[in-house]
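Encoded as C-alpha coordinates, the structure appears first; notes follow it.
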Amino acid sequence: MSTPNEAENSAEAIYQQARLLPPDLRKEVLDFIGYLESRYQESDESRAYREAQIPAMEAVWDNAEDEVWDDW
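Numbering follows our numbering, with no gaps: position 15 of the sequence shown is 15.
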(Lines of atoms letter the chains of each structure in order from A and count residues from 1; the text may use other names and numbers.)
(Lines give C-alpha, C1' and ligand atoms only; values in the text may rest on other atoms or scores of the structure.)
Protein backbone atom coordinates (compact mmCIF):
# COMPACT_ATOMS: atom_id res chain seq x y z
CA MET A 1 0.00 0.00 0.00
CA SER A 2 1.36 3.41 -0.85
CA THR A 3 1.79 6.22 1.61
CA PRO A 4 -0.18 9.46 1.19
CA ASN A 5 2.97 11.19 -0.04
CA GLU A 6 3.63 8.49 -2.66
CA ALA A 7 0.02 8.70 -3.84
CA GLU A 8 0.30 12.48 -4.05
CA ASN A 9 3.52 12.19 -6.04
CA SER A 10 1.90 9.67 -8.39
CA ALA A 11 -1.11 11.92 -8.91
CA GLU A 12 1.20 14.85 -9.66
CA ALA A 13 3.24 12.74 -12.12
CA ILE A 14 0.05 11.65 -13.89
CA TYR A 15 -1.11 15.26 -14.06
CA GLN A 16 2.21 16.47 -15.47
CA GLN A 17 2.27 13.75 -18.12
CA ALA A 18 -1.37 14.31 -19.08
CA ARG A 19 -0.74 18.03 -19.59
CA LEU A 20 1.69 17.13 -22.38
CA LEU A 21 -0.87 15.06 -24.28
CA PRO A 22 -3.14 16.35 -27.02
CA PRO A 23 -6.82 16.71 -25.99
CA ASP A 24 -7.97 13.48 -27.65
CA LEU A 25 -5.39 11.44 -25.74
CA ARG A 26 -6.29 13.20 -22.49
CA LYS A 27 -9.84 11.97 -23.07
CA GLU A 28 -8.50 8.42 -23.47
CA VAL A 29 -6.61 8.76 -20.19
CA LEU A 30 -9.80 9.87 -18.43
CA ASP A 31 -11.71 6.98 -19.98
CA PHE A 32 -9.02 4.55 -18.79
CA ILE A 33 -9.16 5.97 -15.26
CA GLY A 34 -12.93 5.43 -15.30
CA TYR A 35 -12.38 1.86 -16.46
CA LEU A 36 -9.92 1.21 -13.61
CA GLU A 37 -12.33 2.68 -11.07
CA SER A 38 -15.19 0.48 -12.24
CA ARG A 39 -13.03 -2.62 -12.43
CA TYR A 40 -11.50 -2.36 -8.98
CA GLN A 41 -14.35 -0.81 -7.04
CA GLU A 42 -16.17 -3.39 -4.95
CA SER A 43 -19.90 -3.26 -5.50
CA ASP A 44 -22.33 -3.08 -2.59
CA GLU A 45 -23.69 -6.47 -3.61
CA SER A 46 -20.30 -8.22 -3.61
CA ARG A 47 -19.34 -6.55 -0.31
CA ALA A 48 -22.59 -7.75 1.31
CA TYR A 49 -22.02 -11.25 -0.09
CA ARG A 50 -18.46 -11.35 1.26
CA GLU A 51 -19.53 -10.08 4.69
CA ALA A 52 -22.37 -12.62 4.84
CA GLN A 53 -19.86 -15.45 4.36
CA ILE A 54 -17.69 -14.47 7.32
CA PRO A 55 -19.81 -16.00 10.14
CA ALA A 56 -20.20 -19.27 8.26
CA MET A 57 -16.48 -19.49 7.48
CA GLU A 58 -15.08 -18.48 10.89
CA ALA A 59 -15.12 -22.07 12.15
CA VAL A 60 -13.22 -23.18 9.07
CA TRP A 61 -10.70 -20.34 9.24
CA ASP A 62 -10.14 -20.40 13.02
CA ASN A 63 -8.40 -23.68 13.75
CA ALA A 64 -5.10 -24.80 15.24
CA GLU A 65 -3.84 -26.23 11.96
CA ASP A 66 -4.05 -22.87 10.21
CA GLU A 67 -2.93 -20.80 13.21
CA VAL A 68 0.39 -20.06 11.50
CA TRP A 69 -1.49 -17.83 9.01
CA ASP A 70 -3.22 -15.68 11.65
CA ASP A 71 -0.60 -12.94 11.48
CA TRP A 72 -0.69 -12.56 7.69
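Note that the Cβ used here is the ideal one computed from N, Cα and C, for glycine as well.
From a predicted model like this one, the values you see are computed outputs, not experimental measurements.
Residue i to residue j span [Cα, whole Å]
| i | j | result |
| --- | --- | --- |
| glutamate 58 | aspartate 44 | 22 Å |
| asparagine 5 | alanine 11 | 10 Å |
| valine 60 | glutamate 42 | 24 Å |
| arginine 39 | glutamate 51 | 20 Å |
| aspartate 66 | phenylalanine 32 | 40 Å |
| glutamate 8 | tyrosine 15 | 10 Å |
| asparagine 63 | glutamine 53 | 17 Å |
| alanine 48 | aspartate 70 | 23 Å |
| serine 46 | proline 55 | 16 Å |
| valine 68 | glycine 34 | 39 Å |
| proline 23 | threonine 3 | 31 Å |
Inter-residue CB distance, residue i and residue j (contact presumed, cutoff 8 Å)
| i | j | result |
| --- | --- | --- |
| alanine 18 | arginine 26 | 6 Å |
Short Cβ contact (9 Å threshold) for residue i with residue j
| i | j | result |
| --- | --- | --- |
| valine 29 | leucine 20 | no |
**OP:** Could you name each continuous alpha helix (DSSP H) segment of 4 residues or more that falls completely within the region 8 to 61, going from the start of the chain to the end?
**Re:** For the region 8 to 61, whole alpha helix (DSSP H) runs of length 4 or above, ordered along the chain, are 23 to 40, 44 to 61.
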